[in-house]
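Those letters in the sequence shown? Residues 112 to 394, per our numbering, in order.
First comes the structure, then the notes that go with it.
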Amino acid sequence: MSKTVVVTGGNSGIGLASAHELASRGAKVVLACRNQTKAEAARDEIVGRTPGADVDIMSVDLSSFEHIHRFAADLAQQHPKVDVLVNNAGAVPQKQQYTEEGFELQFGANYLGAFLLTHLVLPQLEAAAADTGDARIIHLSSIAHNVGRIDPSTFRGRKRYISFNAYTQSKLANLMFSNTLARRLPDGISTYALHPGGVDSEIWRELPSLVYRVIKLGLISPEKAAKLIADLSLSSEYLGKSGSFHTAQPPTPVSRTARDEAKQDDLYNRSVALTGIEGLPIR
Ligand SMILES: NC(=O)c1ccc[n+]([C@@H]2O[C@H](COP(=O)([O-])OP(=O)(O)OC[C@H]3O[C@@H](n4cnc5c(N)ncnc54)[C@H](OP(=O)(O)O)[C@@H]3O)[C@@H](O)[C@H]2O)c1
Numbered sequence: 112m113s114k115t116v117v118v119t120g121g122n123s124g125i126g127l128a129s130a131h132e133l134a135s136r137g138a139k140v141v142l143a144c145r146n147q148t149k150a151e152a153a154r155d156e157i158v159g160r161t162p163g164a165d166v167d168i169m170s171v172d173l174s175s176f177e178h179i180h181r182f183a184a185d186l187a188q189q190h191p192k193v194d195v196l197v198n199n200a201g202a203v204p205q206k207q208q209y210t211e212e213g214f215e216l217q218f219g220a221n222y223l224g225a226f227l228l229t230h231l232v233l234p235q236l237e238a239a240a241a242d243t244g245d246a247r248i249i250h251l252s253s254i255a256h257n258v259g260r261i262d263p264s265t266f267r268g269r270k271r272y273i274s275f276n277a278y279t280q281s282k283l284a285n286l287m288f289s290n291t292l293a294r295r296l297p298d299g300i301s302t303y304a305l306h307p308g309g310v311d312s313e314i315w316r317e318l319p320s321l322v323y324r325v326i327k328l329g330l331i332s333p334e335k336a337a338k339l340i341a342d343l344s345l346s347s348e349y350l351g352k353s354g355s356f357h358t359a360q361p362p363t364p365v366s367r368t369a370r371d372e373a374k375q376d377d378l379y380n381r382s383v384a385l386t387g388i389e390g391l392p393i394r
């Protein structure tokens, strides 16, 4: 039976390429996107390239807890079993922005939004795992997590906003979340994190064009990153490797902070309090 895979930010860059790769391997793909026009264009592109592809569109804006709750409720109705959740969506604004709840946008949407969404989708992942013993959560982190620092005084905004610092904090948080989840998830649900490589996508859109042209020389295609994400989603090769970290462009070291269980758990407990959900105990 085909697997149901939810890809946040599936309308662009790595998310779109992953959605296409997954659909071409026979998965039913749910594009969870904030912009429905872009989502429809993405679905048309996937179906145009892979006739018969099973692609659904759903609306979610990770910068709003209310949106995330509404999305999760709709998803539970439309897709009571979810085999894979790919937490891909991310933004890198050059000027400081805030989520609806007043969190700095990169911490609030790239990390906290994905944190909340993951917990709300757990019942559907558990339902899939009850059937197959194999449900998965995939987190888009980055090699940049190595220079990230978790600083609670910045969660609601930075006095001096440096976009890169906010980004690296959010990507470190994504990886620490995957690592702590590996010690908390029920049997049958695995968690993986990855650095997709330096990928040519819209994420660089706010950089000055000269900087972008230099950076572009070292970037890989979204399709290369997508292949790894589709493998992590579907391949039996990764079973039994929950909590592992991968990359489409090695080498990618994992920082000491990301591996520190006490720091992972501290961030987890803070995030539970910030999102108002019931956290998972350590097993
Ligand atoms: N590209 C790289 O070199 C690289 C390296 C390491 C990690 N990553 C990670 O890979 C992931 C995908 O990035 P990408 O390079 O493919 O960038 P991208 O082309 O800019 O795609 C980002 C996606 O996230 C969506 N998104 C942003 N904010 C959102 C929100 N509040 N709610 C819902 N969706 C939202 C975007 O929607 P819109 O189209 O509506 O903006 C878009 O679909 C990100 O998590 C990024 O941190 C990328």
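Glycine included, each C-beta is placed from N, C-alpha and C at the ideal position.
Which residues DSSP lists as bridging residue i, in chain order
| i | result |
| --- | --- |
| H306 | T358 |
| A220 | A220 is not bridged to any residue. |
| Y209 | E215 |
| R247 | V195 and S301 |
| V383 | In DSSP, V383 forms no bridge with anything. |
| V402 | The question about residue 402 has no answer, for the chain in this structure spans 112 to 394. |
Inter-residue spacing [alpha-carbon to alpha-carbon] between residue i and residue j
| i | j | result |
| --- | --- | --- |
| A164 | S129 | 13 angstroms |
| Y222 | V158 | 30 angstroms |
| A238 | S320 | 47 angstroms |
| R324 | A150 | 27 angstroms |
| W315 | T279 | 15 angstroms |
| E317 | Q217 | 15 angstroms |
| D371 | R295 | 15 angstroms |
| A187 | Q235 | 7 angstroms |
| A255 | D167 | 32 angstroms |
| T161 | S135 | 6 angstroms |
| L283 | K374 | 11 angstroms |
Residue i, DSSP secondary structure in three states
| i | result |
| --- | --- |
| H190 | coil |
| I254 | helix |
| M395 | No answer is possible for residue 395: it lies beyond the span of the chain, which begins at 112 and ends at 394. |
| N199 | coil |
| E215 | strand |
| L142 | strand |
| I314 | helix |
| I393 | coil |
| I273 | coil |
| I400 | With the chain running from 112 to 394 in the structure shown, residue 400 is simply not present. |
| R367 | helix |
| R295 | coil |
| I157 | helix |
Contact belief for residue i with residue j at Cβ below 8 angstroms, rounded distance in angstroms
| i | j | result |
| --- | --- | --- |
| T119 | V197 | 7 angstroms |
| S175 | T229 | Not a contact, Cβ separation roughly 16 angstroms. |
| D245 | G299 | 6 angstroms |
| L173 | G224 | 3 angstroms |
| T386 | L251 | So it is not a contact: roughly 19 angstroms between Cβ atoms. |
Proximity test, residue i beta-carbon vs ligand 3 heavy atom, cut-off 6 angstroms
| i | result |
| --- | --- |
| G329 | In terms of ligand content, the structure shown lacks ligand 3 and carries ligand 1 instead. |
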